[in-house]
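Each step along the sequence shown adds one to the number in the UniProt record's numbering, with nothing skipped, and position 132 is 132.
We put the CB at the ideal spot given by N, CA and C, even for glycine.
Below is one structure, written out as structure tokens; comments come after it.
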Amino acid sequence: MYDWVAQDQNVVAVSMNYRLHLFGFLGGTAVRADGTPNAGLLDQRAALLWIKRHISEFGGDPDDVTIAGESAGGASVVLQATAWGGKSPVPFKRAIAQSIGLYPLPLDSEIEGIFNNVTTAAGCPSSGSEAMKCLRAAPLSALIKSINNVRTNFLAPTIDGPNGFLPDLPSRLIAQGKFRRGIDLVAGHMTNDGRNFAGNPKNVKTDADIVTAILNRYRHMTNATLEKVLKLYPAANVSGSPFVDNYDRAWTIMQDTVFGCMDQHWANATRTLGRKNVYAFRFNVPNPVTLAVNPWQGVMHASDVYYLFNGATGTTPFFAPFNITQVPVAQEIMQYWTSFTRSSDPSKFKRGYSPVWVDYSRNRRIVMSEDVGGSGNRTASFVETIPTYEQERCSFWMSLNETRV
Numbered sequence: 001m002y003d004w005v006a007q008d009q010n011v012v013a014v015s016m017n018y019r020l021h022l023f024g025f026l027g028g029t030a031v032r033a034d035g036t037p038n039a040g041l042l043d044q045r046a047a048l049l050w051i052k053r054h055i056s057e058f059g060g061d062p063d064d065v066t067i068a069g070e071s072a073g074g075a076s077v078v079l080q081a082t083a084w085g086g087k088s089p090v091p092f093k094r095a096i097a098q099s100i101g102l103y104p105l106p107l108d109s110e111i112e113g114i115f116n117n118v119t120t121a122a123g124c125p126s127s128g129s130e131a132m133k134c135l136r137a138a139p140l141s142a143l144i145k146s147i148n149n150v151r152t153n154f155l156a157p158t159i160d161g162p163n164g165f166l167p168d169l170p171s172r173l174i175a176q177g178k179f180r181r182g183i184d185l186v187a188g189h190m191t192n193d194g195r196n197f198a199g200n201p202k203n204v205k206t207d208a209d210i211v212t213a214i215l216n217r218y219r220h221m222t223n224a225t226l227e228k229v230l231k232l233y234p235a236a237n238v239s240g241s242p243f244v245d246n247y248d249r250a251w252t253i254m255q256d257t258v259f260g261c262m263d264q265h266w267a268n269a270t271r272t273l274g275r276k277n278v279y280a281f282r283f284n285v286p287n288p289v290t291l292a293v294n295p296w297q298g299v300m301h302a303s304d305v306y307y308l309f310n311g312a313t314g315t316t317p318f319f320a321p322f323n324i325t326q327v328p329v330a331q332e333i334m335q336y337w338t339s340f341t342r343s344s345d346p347s348k349f350k351r352g353y354s355p356v357w358v359d360y361s362r363n364r365r366i367v368m369s370e371d372v373g374g375s376g377n378r379t380a381s382f383v384e385t386i387p388t389y390e391q392e393r394c395s396f397w398m399s400l401n402e403t404r405v
């Protein structure tokens, strides 16, 4: 795998591990008093600092580090850039954020409820100086029991105070310029990232089904906001609507809220602050293994990972061979990524058949596409201007605190 990533590109590829679930993201009053909120994010920062200190031993340049992540990894990239409200230096020069997947950050009351559930399941007091001491001494079986007693998406990064790693919602930190500004950026998403998160189209037929899909993830959204959302994504029978049916509306809402707008939000803020090496993308080639099972998913979430990692499927078989027109897609995205990693310009070392990836000025992005039916010597990639209606929808979501991202 690492040979594939680093193949003849003059880069050193490094992966990292960090604590998850309650081991990485348990929060609350007791944790703040006698522990560390957002420990998983601090694990990531420790790994990045290790790379900064030691990568020269592996032939790398400690002053030329690029971080990259997909989905939760893309969210981690954002959270490392917004760490401590941008006040602290970052141990990297560039960032690649793919399908930024931030969970809604829990409210303080929810965080305390989670902590109570965990301590109860583990047989520990839920408050006081003994709570953390008891959790640390609890057997693994008790902690596993407590894990099964908590909604997984409640154990997410938490706002941990004005001097903490995450002092506010990431969307607000970015809007206020409270992120590390000297970072060159590539950010984008899949054409149909949201379909996995809207569910199967056979279950989304009405406005009520759309609202259910939204509330399954964004539990704090008010009725007034939901009414605005249904108007912002008008029904197919409304004049000028770009949607073909209610499922089309539902998955587009999930696309924008979960993955499609945070990259635009960050790119806009970075460009506004004068950073020129900012690039946006839309990946438009599906993972064929997943597509064969669920064709309704289209260019589904994480499709780019299949091409970036040599046909990695995310299921069994773990790898699948490319067909003749998929090979140039894989070569193109690898070349764009490593070119950006080496030079802050994805086009400097691009494939000869690939279009020049223009920067984000004037809201332009590259659309990586397959030359379906071709001879395998090119892609069908092109540059597009982000549609005005997409920009307007993203402005709405990124100013809305009810999504808690």
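**Request:** Decide if the stretch 54-70 is in contact with the stretch 317-335; the criterion is three or more beta carbon pairs, one per stretch, under 8 Å apart.
**Result:** no
**Selected residue, minimal CA-CA separation from His-301, among Ala-224, Tyr-307 and Arg-195** = Counting from one through the sequence shown, the residue named residue 301 turns up at place 301. Minimum Cα distance to His-301 is reached at Arg-195.
**Item:** Contact set for Ala-330: own chain, Cβ-Cβ below 7 Å, skip 5 residues either direction
**Value:** Here residue 330 corresponds to residue number 330 of the sequence shown, with the count starting at 1. Result list for Ala-330: Tyr-307 and Phe-322, in chain order.
**Request:** Spell out a yes or no on whether the stretch 293-300 and the stretch 166-183 are touching, meaning 3 or more CB-CB pairs, one atom from each, closer than 8 Å.
**Result:** By the Cβ criterion, the stretch 293-300 is not in contact with the stretch 166-183, since fewer than three pairs of Cβ atoms, one from each stretch, lie closer than 8 Å.
**Item:** Rounded C-alpha distance that separates Asn-268 from Ser-129
**Value:** Counted from its first residue, the sequence shown places residue 268 at position 268. Counted from its first residue, the sequence shown places residue 129 at position 129. Near 45 Å, if we compare the C-alpha coordinates of Ser-129 and Asn-268.
**Message:** Using DSSP's beta-bridge definition, name the partner residues of Thr-385.
**Reply:** Locating residue 385 in the sequence shown gives position 385, where the first residue counts as 1. For Thr-385, which the question treats as bridged, DSSP gives the partners Arg-364.
**Asked** Should the stretch 270-280 be regarded as contacting the stretch 215-223, the criterion being three or more beta carbon pairs within less than 8 Å?
**Response** no
**Request:** Have a look at the DSSP bridge pairing and note the partners of Arg-282.
**Result:** On the sequence shown, residue 282 is found 282 positions in, with the first residue counted as 1. Bridge partners of Arg-282: His-189 and Val-367.
**Request:** Indicate the three-state DSSP secondary structure (helix, strand or coil) for Arg-136 in the structure shown.
**Result:** The residue labelled residue 136 in the question sits at position 136 within the sequence shown. The DSSP-derived three-state label of Arg-136 is helix.
**Message:** Quick check on the burial criterion: 16 or more other C-beta atoms within 10 angstroms. Buried or exposed for His-265?
**Reply:** Taking the first residue of the sequence shown as 1, we reach residue 265 at position 265. That one is buried.
**Request:** Work out the CA separation of Gln-44 and Arg-19 for me, nearest whole Å.
**Result:** Reading the sequence shown from its first residue, position 19 is the one you call residue 19. Reading the sequence shown from its first residue, position 44 is the one you call residue 44. So the two alpha carbons sit approximately 9 Å from each other.
**Chain-order list of residues whose beta-carbon lies under 7 Å from that of Leu-215 (same chain, five-residue window excluded)** = The sequence position of residue 215 within the sequence shown is 215, counting from 1. Same-chain partners within the cutoff: Met-221.
**Request:** Compute the Euclidean distance between the alpha carbons of Leu-105 and Ala-213, then round it to the nearest angstrom.
**Result:** For the purposes of this step, residue 105 is taken as the residue at position 105 of the sequence shown. For the purposes of this step, residue 213 is taken as the residue at position 213 of the sequence shown. So the alpha carbons of these two residues sit roughly 18 Å apart.
**Asked** Got a sec? Which residues, its chain only, sit under 8 Å from Trp-84 by beta carbon, not counting five neighbours each side?
**Response** Here residue 84 is taken as the residue at index 84 of the sequence shown, counted from 1. Within the same chain, Trp-84 has close Cβ partners Asn-163, Gly-164, Phe-165 and Pro-167.
**Of the residues Ile-144, Asp-345 and Leu-102, the one placed nearest Thr-119, counting alpha carbons only** = Residue numbering aside, residue 119 sits at position 119 when the sequence shown is read from its first letter. Among Ile-144, Asp-345 and Leu-102, the Cα nearest to that of Thr-119 is on Ile-144.
**Asked** At a cut of 8 Å, does the stretch 222-237 reach the stretch 105-116 through at least three beta carbon pairs?
**Response** no
**Asked** Pro-242: buried (16+ other C-beta within 10 angstroms of its C-beta) or exposed?
**Response** As a position in the sequence shown, residue 242 is number 242, starting the count at 1. Label assigned to Pro-242: exposed.
**Message:** Please state whether the Cβ-Cβ distance between Gly-260 and Val-327 is less than 8 Å.
**Reply:** The sequence position of residue 260 within the sequence shown is 260, counting from 1. The sequence position of residue 327 within the sequence shown is 327, counting from 1. Against a cut-off of 8 Å, the Cβ pair of Val-327 and Gly-260 comes out as no contact.
**Message:** Quick check: the Cα distance between Ala-156 and Gly-373, rounded to an integer number of angstroms?
**Reply:** To locate residue 156, count along the sequence shown from 1; it is residue 156. To locate residue 373, count along the sequence shown from 1; it is residue 373. C-alpha separation (whole angstroms): 43 Å.
**Prompt:** Is Val-77 near Ala-47, with beta carbons less than 8 Å apart?
**Reply:** One-based indexing of the sequence shown puts residue 77 at position 77. One-based indexing of the sequence shown puts residue 47 at position 47. Not closer than 8 Å, so no.
**Message:** What does DSSP give as the partner residue(s) for Ile-114 in the beta ladder?
**Reply:** Taking the first residue of the sequence shown as position 1, residue 114 is located at position 114. Ile-114 pairs with nothing; no bridge assigned.
**Request:** Could you give the DSSP three-state label for Ile-210: helix, strand or coil?
**Result:** What you label residue 210 is simply residue 210 of the sequence shown in a count that begins at 1. Three-state result, Ile-210: helix.
**Request:** Determine the extent of the beta strand (DSSP E) in which Arg-378 is found, giving its start and end residues.
**Result:** Within the sequence shown, numbered from 1, the residue matching residue 378 stands at position 378. Taken as a continuous stretch (DSSP letters only), Arg-378 belongs to no beta strand (DSSP E), as it is neither H nor E.
**Prompt:** Mind checking whether Tyr-336 and Ala-280 have CB atoms under 8 Å apart?
**Reply:** Taking the sequence shown and counting its residues from 1, the one referred to as residue 336 is at position 336. Taking the sequence shown and counting its residues from 1, the one referred to as residue 280 is at position 280. No, the Cβ-Cβ distance between Tyr-336 and Ala-280 is not below 8 Å.
**Message:** Taking 8 Å as the threshold (C-beta atoms), are Ser-146 and Ala-131 in contact?
**Reply:** Within the sequence shown, numbered from 1, the residue matching residue 131 stands at position 131. Within the sequence shown, numbered from 1, the residue matching residue 146 stands at position 146. Not a contact, by the Cβ cut-off of 8 Å.
**Prompt:** What's the C-alpha gap between Phe-283 and Met-334?
**Reply:** Locating residue 283 in the sequence shown gives position 283, counting from the first residue. Locating residue 334 in the sequence shown gives position 334, counting from the first residue. Taking the straight line from one Cα to the other gives about 13 Å.
**Prompt:** Measuring CA to CA, which of Leu-140, Ala-75 and Ala-198 is closest to Met-262?
**Reply:** The residue labelled residue 262 in the question sits at position 262 within the sequence shown. Closest by alpha carbon: Ala-75.
**Message:** Using only the alpha-carbon positions, how far apart do Phe-309 and Thr-257 sit?
**Reply:** On the sequence shown, residue 309 is found 309 positions in, with the first residue counted as 1. On the sequence shown, residue 257 is found 257 positions in, with the first residue counted as 1. The alpha-carbon separation between Phe-309 and Thr-257 amounts to approximately 27 Å.
**Message:** Using only CA atoms, which one of Leu-230, Ser-395 and Val-90 lies nearest to Arg-53?
**Reply:** Walking along the sequence shown from the start, residue 53 turns up at place 53. When each option's Cα is compared against that of Arg-53, the closest is Val-90.
**Inter-residue Cα distance where the pair is Leu-232 and Val-211** = Against the sequence shown, residue 232 aligns to sequence position 232. Against the sequence shown, residue 211 aligns to sequence position 211. So the alpha carbons of these two residues sit roughly 13 Å apart.
**Asked** Do Val-204 and Ala-250 have their CB atoms nearer than 8 Å?
**Response** Taking the sequence shown and counting its residues from 1, the one referred to as residue 204 is at position 204. Taking the sequence shown and counting its residues from 1, the one referred to as residue 250 is at position 250. Yes. Within cutoff.
**Asked** Which parts of the stretch 258-303 are runs of the alpha helix (DSSP H), unbroken and 4 residues or longer, counting only runs that do not cross its ends?
**Response** Counting whole runs of 4 or more residues, the stretch 258-303 contains the alpha helix (DSSP H) stretches 262-272 and 288-293.
**Message:** Rounded to the nearest angstrom, what separates Pro-286 and Ala-292 at their Cα positions?
**Reply:** Within the sequence shown, the letter at position 286 stands for residue 286. Within the sequence shown, the letter at position 292 stands for residue 292. Rounded to the nearest angstrom, the two C-alpha atoms are 10 Å apart.
**Request:** Could you please give me the residues that DSSP links to Arg-94 through a beta bridge?
**Result:** Position 94 of the sequence shown, counting from 1, holds the residue named residue 94. DSSP output for Arg-94 lists Thr-66 and Asp-184 as bridge partner(s).
**Asked** Quick one: what's Trp-312 bridged to in DSSP?
**Response** Numbered from 1 along the sequence shown, position 312 holds the residue referred to as residue 312. Checking the sequence shown, residue 312 turns out to be Ala, not Trp. DSSP output for Ala-312 lists Phe-319 as bridge partner(s).
**Inter-residue Cα distance where the pair is Ser-88 and Phe-179** = Sequence index remark: in the sequence shown, residue 88 carries index 88 (1-based). Sequence index remark: in the sequence shown, residue 179 carries index 179 (1-based). Each residue's alpha carbon lies about 9 Å from the other.
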